[in-house]
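Taking it in order: structure first as structure tokens, then the write-up.
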Amino acid sequence: MANDEFGLKGKVAIVSGGGGPVGSPHEPSITNGRAAAVLLARAGAKVCVVARSLDLAEKTVEMIESEGGDAFAYAADVTRQDDCRSVVEMTLDRFGRLDCLDNNVGTSAHGDVTQISIEKWREVFSINVESMVMMCKYAIPAMITSGGGSIVNISSLRSIRPQNSTVYSVSKGAVNALTATLAADHGASGIRVNGIILGPVHTPAVAPMLTPERRQTRIDASLIKREGTGWDTGHLVRFLLSEQARFITGQNICLDGGISLIGPQR
1 MANDEFGLKG
11 KVAIVSGGGG
21 PVGSPHEPSI
31 TNGRAAAVLL
41 ARAGAKVCVV
51 ARSLDLAEKT
61 VEMIESEGGD
71 AFAYAADVTR
81 QDDCRSVVEM
91 TLDRFGRLDC
101 LDNNVGTSAH
111 GDVTQISIEK
121 WREVFSINVE
131 SMVMMCKYAI
141 PAMITSGGGS
151 IVNISSLRSI
161 RPQNSTVYSV
171 SKGAVNALTA
181 TLAADHGASG
191 IRVNGIILGP
201 VHTPAVAPML
211 TPERRQTRID
221 ASLIKREGTG
231 WDTGHLVRFL
241 LSEQARFITG
251 QNICLDGGIS
261 LIGPQR
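Quick note, the sequence shown lines up with residues 1 to 266 if you use this note's numbering.
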């Protein structure tokens, strides 16, 4: 099914956060992780789709298998170290190797430092940062055994343009630093690590929170007057994980329609 344009045929990928809500019939959209998993499979990769909900992970697998791809669903809470270890072990048991990891799990929180509770602070860091640390802890040795690999960490525009979201912004700033540090520490072992700083991307997760006016404001903030989709995220994930990006590592790349340049606050 794949001509190996991306050098991913026969490679094995884990997509953490590969499930998520499904778009409604009148508002079709796709989550970042689901799009990445589908696109990786279209390029010939074998995919372990990880989500807290097995049903939602299986929906992604159904999409992949309907196109002739190879994938399996695995339910895990990646804020738990044992679950992260199990994800990697199950992938190795199923496919025999590991080449790619998309760390796509995350949560948001609003409010400044005077408004956030320490419990919420720890929860956000556990989901946004520690989950990626622990997935990498177990994925990197497996990748080294397989001859090298590539990792993508999903960050946010709030990490470089904070606005009334202290804990979220700080956690995503930590993700940016994690990306650079992992790249520096493991490059000699053949591991590339890059991050994606997401701007306003329309997915089923954010759709219920957006009024038509709010959505238009997000579009107007873009220099190219459009909003991103989960597919946009998925395409960049696939590129960064592929051999086409073999000389790119340690970079945090904005996917934001130019908002980070001169666009207004959204």
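Virtual Cβ for every residue (Gly too), placed ideally from N, Cα, C.
At least 8 angstroms separates the beta-carbon of residue 133 from that of residue 159. In the three-state reduction of the DSSP assignment, residue 6 falls in the coil class. Pairing residue 180 with residue 145, the inter-Cα distance amounts to about 22 angstroms.
The DSSP-derived three-state label of residue 229 is strand.
Residue 250 sits away from residue 190, with the two beta carbons spaced by 8 angstroms or more. Within the DSSP bridge table, the entry for residue 149 names 191 as partners. Note that the C-beta distance between residue 50 and residue 74 is below 8 angstroms. Residue 29 is positioned such that its CB atom lies closer than 8 angstroms to that of residue 207. The DSSP assignment places complete beta strand (DSSP E) segments of no fewer than 3 residues inside the region 10–76 at 12–16, 46–51 and 71–75, in order along the chain.
When the alpha-carbon of residue 6 is set against those of 150, 17 and 135, the nearest one is in 150. In this chain, the alpha helix (DSSP H) harbouring residue 259 covers 259–262. Residue 141 and residue 217 have their C-alpha atoms some 44 angstroms from each other. Of 184, 10, 123 and 254, the smallest CA-CA separation from residue 80 is found for 123. Following the DSSP letters along the chain, one finds residue 185 in no beta strand (DSSP E) but inside the alpha helix (DSSP H) bounded by residues 166–186. Secondary structure note for residue 102: its beta strand (DSSP E) is the uninterrupted segment 100–103.
The region 105–122 makes no contact with the region 55–71: fewer than 3 CB pairs, one atom from each, lie closer than 8 angstroms.
For residue 219, the enclosing alpha helix (DSSP H) has its first and last residue at 212–221. For residue 202, the pairing in a beta bridge is given by DSSP as 229. Within the DSSP secondary-structure output, residue 255 pairs in a beta bridge with 198. Taking a C-beta distance under 8 angstroms as the contact criterion, residue 143 and residue 98 qualify as a contact pair. Annotation for residue 112: no alpha helix (DSSP H) segment contains it, and DSSP assigns it neither H nor E. Residue 156 is bridged by DSSP to 198.
Taking 8 angstroms as the cut-off, the Cβ atoms of residue 16 and residue 105 count as close. According to the DSSP assignment, residue 95 belongs to the alpha helix (DSSP H) that extends over 81–95.
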